[in-house]
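**Student:** One structure is given below, represented as structure tokens, and several questions about it will come after.
Chains as they are written, first to last, in the working numbering: chain A, 1 to 84; chain B, 85 to 241.
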């Protein structure tokens, strides 16, 4: 299973804060997971997830490129951070 | 390094108390530099009536601790702490506190600024402002990214 989290404006646009997706080989990378989310979610998910400056994290680490995924990973999608 | 502390909390904090906690019983620290960030009453030309701070629990603490560890590797610091609030905040409220102690001031000044610059770019917090025209997510500023970038390739002292 993959745990997928969304934060801030991304969460609001999707009206979704978290999803659990049963593991299978077809979502063994970040790009493939994103394609699955868009396929299942439709055009509004495409707009939200393909936004400019989207940040993706795997197991609490920000990743800049596509990244392999394995069963049990936690993935997050969020906009640029604005703390401090 | 053991003397690195991170707290993400809804409660307010007492900066004077946090500063005292940075000092050890050995009295070897000759310098403490601290930074406190507050909620401003205006941003991008609009009056702000409050702020909602969202964070990614777990990743936030981990990323700040990673930043403190990087600072401890670059400068001879004795201790460093970050306290960052989340939830609903009012204008004038304290948001964040960074404190660094060291034997001499140079390391404390540099490490404190380094920690804030990196926190602004790497710690997963998001601010949503309340204005007369409604609520809006704060946009990340390119200048914050530039400030963090200037530390790369530069050696500590």
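Backbone N, C-alpha and C fix where the C-beta goes; we use that ideal spot for every residue, glycine too.
Quick caveat: nothing in here was measured; it's all calculated off a predicted structure.
#1: Assuming residue 207/B contacts residue 148/B (C-beta within less than 8 Å), just tell me the rounded distance between them.
#2: Express the C-alpha separation of residue 3/A and residue 75/A in angstroms, rounding to a whole number.
#3: In this structure, how does DSSP classify residue 78/A when only helix, strand and coil are distinguished?
#4: For residue 122/B, which residues does DSSP report across the bridge?
#5: Do the segment 213-233 of chain B and the segment 127-147 of chain B make contact, defined as three or more Cβ pairs closer than 8 Å?
#6: Rounded to whole angstroms, what's the CA-CA distance from residue 200/B to residue 118/B? Just pull it up for me.
#7: Could you tell me whether the Cβ of residue 235/B comes closer than 8 Å to any Cβ of chain A?
#8: Can you give the Cα-Cα distance for residue 239/B and residue 36/A, rounded to whole angstroms?
#9: Skipping 5 residues on each side, what residues in its chain have a beta carbon closer than 8 Å to that of residue 26/A?
#10: Hey, quick one: how far does the alpha helix (DSSP H) through residue 205/B stretch, first residue to last?
#11: With distances taken Cα to Cα, identify the nearest neighbour of residue 124/B among 176/B, 110/B, 153/B.
#12: What ranges does the alpha helix (DSSP H) occupy inside the segment 29-60 of chain A, keeping only unbroken runs of at least 4 residues that lie completely in it?
#13: Below 9 Å on C-beta distance, what does residue 18/A contact in chain B?
#14: Could you tell me whether the Cβ of residue 84/A comes closer than 8 Å to any Cβ of chain B?
#15: Would you call the segment 103-123 of chain B and the segment 153-173 of chain B in contact, with 3 or more CB pairs under 8 Å?
#16: Quick check: the segment 56-69 of chain A against the segment 86-100 of chain B, are at least 3 beta-carbon pairs closer than 8 Å?
#17: Please return the same chain residues whose Cβ sits closer than 7 Å to the Cβ of residue 16/A, not counting the five positions on each side in sequence.
#18: Alpha carbon to alpha carbon, how far is residue 20/A from residue 158/B?
#19: Shortest alpha-carbon distance to residue 70/B belongs to which of 145/B, 191/B, 120/B?
#20: Can you find a C-beta in chain A that's less than 8 Å from the C-beta of residue 127/B?
#21: Any idea if residue 183/B is buried or exposed, counting beta-carbon neighbours within 10 angstroms, 16 or more meaning buried?
#22: So with CB distances below 7 Å, who are the chain B contacts of residue 8/A?
#23: According to the neighbour-count rule (16 or more other Cβ atoms, all chains shown, within 10 Å of its Cβ), is residue 138/B buried or exposed?
#24: Give the secondary structure of residue 10/A by DSSP, where H, G and I count as helix, E and B as strand, and everything else as coil.
#25: Can you find a CB in chain A that lies within less than 8 Å of the CB of residue 188/B?
#26: Sorted by chain position, which residues of the same chain lie with C-beta nearer than 8 Å to residue 126/B's C-beta, five sequence neighbours on each side aside?
**Tutor:** Judging by the given coordinates:
#1: Residue numbering aside, residue 207/B sits at position 123 when the second chain is read from its first letter. Residue numbering aside, residue 148/B sits at position 64 when the second chain is read from its first letter. That belief holds up - the Cβ atoms of residue 207/B and residue 148/B are roughly 5 Å apart, short of 8 Å.
#2: Here the question's residue 75/A lines up with position 75 in the first chain. Here the question's residue 3/A lines up with position 3 in the first chain. If you take the alpha carbons of residue 75/A and residue 3/A, they lie about 6 Å apart.
#3: The residue you call residue 78/A lines up with position 78 of the first chain. Residue 78/A carries a strand assignment under DSSP once its states are collapsed to helix, strand and coil.
#4: Mapped onto the second chain, residue 122/B falls at position 38. Assignment of beta-bridge partners to residue 122/B by DSSP yields 178/B.
#5: These segments touch.
#6: Within the second chain, residue 200/B is the residue found at index 116, counting from 1. Within the second chain, residue 118/B is the residue found at index 34, counting from 1. Distance from the CA of residue 200/B to the CA of residue 118/B, rounded to the nearest whole angstrom, comes to 10 Å.
#7: Along the second chain, one-based indexing puts residue 235/B at 151. No - not a single Cβ of chain A is within 8 Å of the one on residue 235/B.
#8: As a position in the second chain, residue 239/B is number 155, starting the count at 1. As a position in the first chain, residue 36/A is number 36, starting the count at 1. Any reading at residue 239/B needs caution, since the residue's pLDDT is 49, under 50, leaving its predicted position unreliable; the model's value is listed next. Whole-angstrom Cα-Cα distance: 44 Å.
#9: Against the first chain, residue 26/A aligns to sequence position 26. Here the set comprises 32, 36.
#10: Stepping through the second chain from its first residue, residue 205/B is reached at position 121. Judged by DSSP secondary structure, residue 205/B falls within the alpha helix (DSSP H) whose first and last residues are 189-206.
#11: Position 40 of the second chain, counting from 1, holds the residue named residue 124/B. Of the listed residues, the one whose Cα sits closest to residue 124/B is 176/B.
#12: Positions of the alpha helix (DSSP H) runs, each at least 4 residues long and wholly inside the segment 29-60 of chain A, are given as 30-41, 43-49 in order along the chain.
#13: Counting from one through the first chain, the residue named residue 18/A turns up at place 18. What residue 18/A touches in chain B: nothing, since even the nearest Cβ is about 11 Å away.
#14: The residue you call residue 84/A lines up with position 84 of the first chain. For residue 84/A, the answer is yes, since a Cβ of chain B falls inside 8 Å of its Cβ.
#15: Here the segment 103-123 of chain B lies against the segment 153-173 of chain B, with 3 or more beta-carbon pairs under 8 Å apart.
#16: No, they do not touch.
#17: Position 16 of the first chain holds residue 16/A. For residue 16/A, where only same-chain residues beyond five positions count, the Cβ hits under 7 Å are 6.
#18: Position 20 of the first chain, counted from the first residue, corresponds to residue 20/A. Position 74 of the second chain, counted from the first residue, corresponds to residue 158/B. Those two C-alpha atoms are separated by around 40 Å.
#19: This structure cannot speak to residue 70/B, because chain B is shown only from 85 to 241.
#20: Here the question's residue 127/B lines up with position 43 in the second chain. Residue 127/B does not count as touching chain A.
#21: By 1-based counting over the second chain, the position of residue 183/B is 99. With 16 or more Cβ atoms within 10 Å of its Cβ, residue 183/B is classed as buried.
#22: Locating residue 8/A in the first chain gives position 8, where the first residue counts as 1. Against chain B, the beta carbon of residue 8/A has neighbours under 7 Å at 138, 210, 221, listed in chain order.
#23: For the purposes of this step, residue 138/B is taken as the residue at position 54 of the second chain. With 16 or more Cβ atoms within 10 Å of its Cβ, residue 138/B is classed as buried.
#24: In the first chain, residue 10/A corresponds to position 10, counting from 1. Residue 10/A falls in the helix class under three-state DSSP.
#25: On the second chain, position 104 is the one that residue 188/B refers to. No, residue 188/B lies away from the interface with chain A (no Cβ there is under 8 Å from its Cβ).
#26: Counting from one through the second chain, the residue named residue 126/B turns up at place 42. So the qualifying residues of the chain are 132.
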